[in-house]
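In what follows, a single structure is set out as structure tokens and then discussed.
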Amino acid sequence: MFKIVKRTEMAQGTVILNEIEAPLIARKAKPGQFVILKSHEEGERIPLTMAETDPVKGTITIIYMVVGKSTALFRDLKEGDGYQDVIGPLGRPTHVEKVGTVLCVGGGTGVAVLHPITRAMKEAGNNVICVIGARNKDLLILEDKMKTASDDLRVCTDDGSYGHHGFVTDIVKKVLAGEKVAQVVAIGPVPMMKAVSAVTKEFGVPTMVSLNPIMIDGTGMCGGCRVSVGGETKFACVDGPEFDGHKVNFDELMMRLRAYCDEEKQCYEGYCRLSDG
Amino acid sequence: MAEKQAKPGRVPMPEQDPAVRRRNFEEVPTGYTAAMAQEEAARCLQCKKPGCVEGCPVQVDIPGFIRLLTEGDLTAAIRSIWQKNALPAVCGRVCPQEIQCEGKCILAKKGTPVAIGNLERFCADYERNHGTGALPPKADPTGKRVAVVGSGPSSLTVAGDLILKGHAVTVMEAFHKPGGVLVYGIPEFRLPKAIVAQEVNFLERLGATVECNMVVGRTVTLDELFEQGYDAVYLGVGAGLPRFMNIPGENLIGILSANEYLTRANLMKAYKFPEVDTPVPMGKNVTVLGAGNVAMDSARTAMRLGAEKVRIVYRRSREEMPARSAEIHHAEEEGIEFMLLTNPTRYIGDERGRLTGMQCLKMALGEPDASGRRRPVPIEGSEFELKTDLVIVAVGSGANPLLTQSTPELALNKWGYLITDPDTGKTSKKGVWAGGDIVTGAATVILAMGAGRAAADSIHKYLNWGW
Ligand SMILES: Cc1cc2nc3c(=O)[nH]c(=O)nc-3n(C[C@H](O)[C@H](O)[C@H](O)COP(=O)(O)OP(=O)(O)OC[C@H]3O[C@@H](n4cnc5c(N)ncnc54)[C@H](O)[C@@H]3O)c2cc1C
Ligand SMILES: Cc1cc2nc3c(=O)[nH]c(=O)nc-3n(C[C@H](O)[C@H](O)[C@H](O)COP(=O)(O)OP(=O)(O)OC[C@H]3O[C@@H](n4cnc5c(N)ncnc54)[C@H](O)[C@@H]3O)c2cc1C
Ligand code: SF4
Ligand code: SF4
Ligand code: FES
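Sequence order for the protein chains is C and W. Number 77 in my numbering belongs to position 77 of the first sequence; there are no gaps in the numbering. Number 274 in my numbering belongs to position 274 of the second sequence; there are no gaps in the numbering.
Dropping the structure here:
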């Protein structure tokens, strides 16, 4: 069992943080890598990026949004409970290099994934500008940490309840128009990554996105996670999860993410009915 | 039943009725009774130069164990099999006997070889259900430690052999359950998972440690294993890279590799969804591409998951189908249709990206190719469209590069398989052995086990004498 040593609720209980004992993984993990977790015997294998690792304490931290049955089951785990299986570190680590100014763009729980990458970019000596967004103020996560990790943090909300009123792409445009940016990193919901990539393409700035297709094994053995990048099929779990945003076929990714829509609804509703008594 | 006269035919193994079993996941052949086993065993001529033994890749003493069986000494019979084959309950069920032991049986000429696989299965099942479960004697601890990577049949063989020789063994598996293809690939109705679990449990009772969730190359590297004090490492990581057809439309929803489909159905038990959390697509009109064991397993799984129609689409003809003959026969009985000499060229989807059909070409057999099989050539103008809402691609697998890429000292051939010494299984890296599908490419359980045994012998020598 992989014990949960710390649990916090963020964004009104829709986003949960778990710090988990996983010494072998904590020792090896690098920014950008993910783990696959399964909470119980009959559970699903769910991929989540590591938001933080502590090799000395032997723990890893995940931050996830509750969207369906499996993440709802995760939410019900208390401190002291544990995950039956945690597998990793999986995926390729982020390529971190000193390139000058880096613009990091995060949306929703994507900010959790973006945080360790932002920190690594700064530690590598880059000037790091960050833009983070959420639907509203209450759903915004990790603002403080992102502030510390970057040189300049901009915040926006879709409804204007905090920071700039509008989408992250508005600010991205502004930054790119005013400054020489060497690299953009965009992580968040697929439509957001698609929109940011479209903007940065206009400006000709290389852009890295982190994809989240449906996965099973996470080791390149099932092909369920296949994505089209530059017209070629790639397995996100071993070739990614990070890819060149200018080459990713986002529409196909969005379509494939809906593969199990009906089954997921059935599963989740069944679970809600049970847990509501 | 037991009339005293030479029986020309084989004693058939009782099976679930096809009409019933095509909708359940219970095992298809239900096993011999003791009387049936005796009757079948009595057909063996106890040849002086038994062809059957030659046909078995690990040379099980077939006349020997059959004689012990006829004498009623089942404990001695299973011990005799174990000398060469650590997993007889598995091999009795899944070996392609018709081209191995039974294919070389002297009675095969008359079309009625001794049912060696069935008898092997009977002995193993009897031992499992009635045996004492006593552990075999173990050599004194040598103080040497061996890491066995992967937990498929080749790794389990290595672990079993080395633990009995007194070495400390740790099996490291990437998945959350041990067994390799035996648990994630081959379905319950052909190989009950309880059998594999018991084999793994047996190893643990002998003192082996089984660590799941260990992706070697990621969670720990080979060099780190040596730093941690392991003296030798065996790689039995299989050939788990799915191959696709590389034709347009392949990423539509409703096209899965057999690996994904079977992993969802078997390992994640998706056939019990929504009781379990992992879904598997339920096709109404299912098409399976390929005609090997993997294709048969996929097709028969789809039927059990409630499909209305299941078709196997294969570009060659019936003679070339690589699956075990028993599986082809079972698939036909269960109502699977075979569409031979047909090759898909393109997938068709709707506006939501869901598969609705497949464009195919008819093929004809041309000249023999490098494999000696007649090469299928497309017939011009023979395109037609097939309606289908789920395609399972079972056209073979390749070498998964996850581990080998993180260990550059390991020499690979041009297909990415590990190069090893054919007699010992030694790789190009000191202290590292390999065997099974990661060396040969997708093959069979018994060949993977044979490679494991040879490597275990070599590892034992190395640990004792350093070579
Ligand atoms: C490499 C990677 C890293 C990720 N990191 C994070 C993270 O740090 N934080 C976070 O909140 N989310 C992350 N995700 C997404 C997360 O895995 C899904 O939200 C989760 O699997 C949903 O499971 P569910 O059963 O609760 O929801 P479901 O009801 O099953 O599905 C809800 C949505 O999640 C998608 N989904 C379902 N199953 C999977 C699966 N096995 N793999 C991927 N997506 C799936 C579905 O397409 C659907 O749109 C990541 C995904 C990947 C592939
Ligand atoms: C659906 C299907 C049906 C089949 N039917 C038959 C049949 O009827 N008869 C027959 O003889 N053969 C059959 N085969 C073939 C047979 O199963 C294989 O040849 C055999 O299992 C190979 O054994 P192996 O030990 O080499 O590897 P595998 O059984 O493939 O096991 C490899 C294991 O290593 C693990 N692994 C991989 N990488 C790592 C890593 N980096 N770290 C840790 N662990 C890792 C994998 O998760 C896996 O569990 C079938 C195969 C399939 C897929
Ligand atoms: S191991 Fe396989 S080939 Fe050998 S005797 Fe048994 S069934 Fe036949
Ligand atoms: S070849 Fe056939 S008849 Fe002869 S010993 Fe082997 S099983 Fe018996
Ligand atoms: S998750 Fe199976 S290949 Fe990527």
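Here a beta-carbon is modelled for each residue, glycine too, at the ideal position from N, C-alpha and C. This one's a predicted model, so the numbers in the text were calculated from it and none came from an experiment.
- Contacts with chain W at 7 Å (Cβ-Cβ) include C:Pro-89.
- DSSP, read as helix, strand or coil, puts C:Leu-176 in helix.
- Any Cβ of chain W closer than 7 Å to the Cβ of C:Glu-143 would place that residue at the interface, and such an atom is absent.
- For W:Glu-260, the neighbours in chain C by C-beta distance under 8 Å run, in chain order, Ile-216, Cys-222, Gly-223, Gly-224.
- Chain W has a Cβ within less than 7 Å of the Cβ of C:Lys-69.
- Boundaries for C:Thr-53: no alpha helix (DSSP H) harbours it, while the beta strand (DSSP E) harbouring it runs 46-54, taken from the DSSP string.
- DSSP, reduced to helix, strand and coil, places W:Ala-411 outside both helices and strands of the structure shown, so it counts as coil.
- Near chain C, meaning a CB-to-CB distance below 9 Å, the residues of the stretch 278-298 of chain W are Thr-278, Pro-279, Val-280, Pro-281, Met-282.
- Closest option to W:Glu-275, judged by alpha-carbon separation, among C:Lys-69, C:Val-155, C:Met-121, C:Ala-182: C:Lys-69.
- Note: W:Gln-359 is bridge-paired with W:Arg-346, W:Glu-385 in the DSSP secondary-structure output.
- When W:Arg-264, W:Gly-180, W:Asp-389, W:Asn-213 are compared, the shortest CA-CA separation from W:Ile-438 is found for W:Gly-180.
- DSSP places C:Met-10 within a strand segment (E or B) once states are collapsed to three.
- Taking a beta-carbon distance threshold of 7 Å, C:Thr-219 counts as an interface residue toward chain W.
- Distance check between W:Ile-116 and each of W:Asn-259, W:Gly-152, W:Pro-137, W:Cys-44 places W:Cys-44 closest, using alpha-carbon atoms only.
- Along the stretch 235-263 of chain C, going in chain order, the ones with a CB nearer than 8 Å to a CB of chain W are Val-238, Glu-252, Met-255, Arg-256, Arg-258, Ala-259, Tyr-260, Glu-263.
- Judged by their CB atoms, W:Glu-320 and W:Arg-373 are nearer to each other than the 7 Å cut-off.
- Nearest to W:Ala-454 by C-alpha distance, out of W:Thr-407, W:Ala-86, W:Gly-396, is W:Ala-86.
- Taking the Cβ atoms as the reference, W:Glu-250 lies roughly 33 Å from W:Pro-18, outside the contact range of under 8 Å.
- Per DSSP, C:Gly-133 is not a residue of any alpha helix (DSSP H); the beta strand (DSSP E) it occupies stretches across 127-134.
- Residue-level contact by beta carbon holds for W:Pro-274 and chain C, with a gap shorter than 7 Å.
- For C:Ala-112, the uninterrupted alpha helix (DSSP H) segment begins and ends at 110-123.
- In this structure, W:Lys-430 is the residue among W:Trp-415, W:Lys-430, W:Lys-414 with its C-alpha nearest to the C-alpha of W:Asp-421.
- Shown in chain order are the members of the stretch 26-40 of chain C whose Cβ falls below 7 Å from a Cβ of chain W: Lys-28, Lys-38.
- In this chain, the beta strand (DSSP E) harbouring C:Ile-187 covers 183-187.
- In the structure shown, W:Tyr-234 adopts extended strand secondary structure according to DSSP, grouped into three states.
- One alpha carbon belongs to C:Val-96, the other to C:Gly-32, and they sit about 10 Å apart.
- Between W:Ala-232 and W:Ile-459, the C-beta spacing is below 7 Å.
- Residue side-chain check: W:Pro-63 places its Cβ nearer than 6 Å to a non-hydrogen atom of ligand 4.
- The stretch 407-422 of chain W makes no contact with the stretch 115-129 of chain W; the number of CB pairs closer than 8 Å stays below 3.
- Closest in C-alpha terms to W:Arg-311, from the list W:Val-377, W:Gly-185, W:Leu-386, W:Met-363, comes W:Leu-386.
- Within the stretch 127-153 of chain C, not one residue has a Cβ closer than 8 Å to any Cβ of chain W.
- Under the Cβ criterion (8 Å, minimum of three pairs), the stretch 36-51 of chain C counts as touching the stretch 81-97 of chain C.
- Placement of the Cβ of W:Gly-111 at a distance of 6 Å or more from every heavy atom of ligand 4 is found.
- Judged by DSSP in its simplified three-state form, C:Ile-62 adopts strand.
- DSSP places W:Arg-205 in no beta strand (DSSP E) but in the uninterrupted alpha helix (DSSP H) bounded by 193-205.
- Within chain W, no C-beta atom comes less than 9 Å from the C-beta of C:Glu-232; the nearest is roughly 10 Å away.
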